[in-house]
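Peer 1: Residue numbers (the UniProt record's numbering): 1 to 104.
Even glycine gets a Cβ: it sits at the ideal position worked out from N, Cα and C.
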Amino acid sequence: EADIAGYKSDLNSSMVQRKLQHGDYESLHQDLSESIYAINQAIEVLKKQAHDRPQAVATLLQQAGARLPQKARRVIEAFLERGSDEPDLTFVAPPEANAYEFQS
């Protein structure tokens, strides 16, 4: 009889603990679901806005207008129009000289 009362007490406390844990799970699940939804919506917005935008240099060129000499403006425009598939020679290492070449 005492064992049964102890088991019922354990069962009741386990059920209360389970309800508390389930409530915590539900609130966490709701929060994570809302976060995932918000992230997916943000990704969709960014995908819709995935297009080229004028760079700051081009905007500054337009604002500078007549203040820049014509030659400087042409050089800068040529640089900006350069394709992205052209290699950037800034990061190319110069050729290395041989320390010693065999001569017979």
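Measure the C-alpha to C-alpha separation of D3 and Q21 and round it to an integer number of angstroms.
Peer 2: Here residue 3 corresponds to residue number 3 of the sequence shown, with the count starting at 1. Here residue 21 corresponds to residue number 21 of the sequence shown, with the count starting at 1. About 26 Å.
Peer 1: By the DSSP assignment, the alpha helix (DSSP H) with R18 in it spans what residues?
Peer 2: In the sequence shown, residue 18 corresponds to position 18, counting from 1. Here the alpha helix (DSSP H) through R18 covers A2 to K48.
Peer 1: What did DSSP end up calling E96 once you bin it into helix, strand or coil?
Peer 2: Mapped onto the sequence shown, residue 96 falls at position 96. If DSSP states are grouped into helix, strand and coil, E96 belongs with coil.
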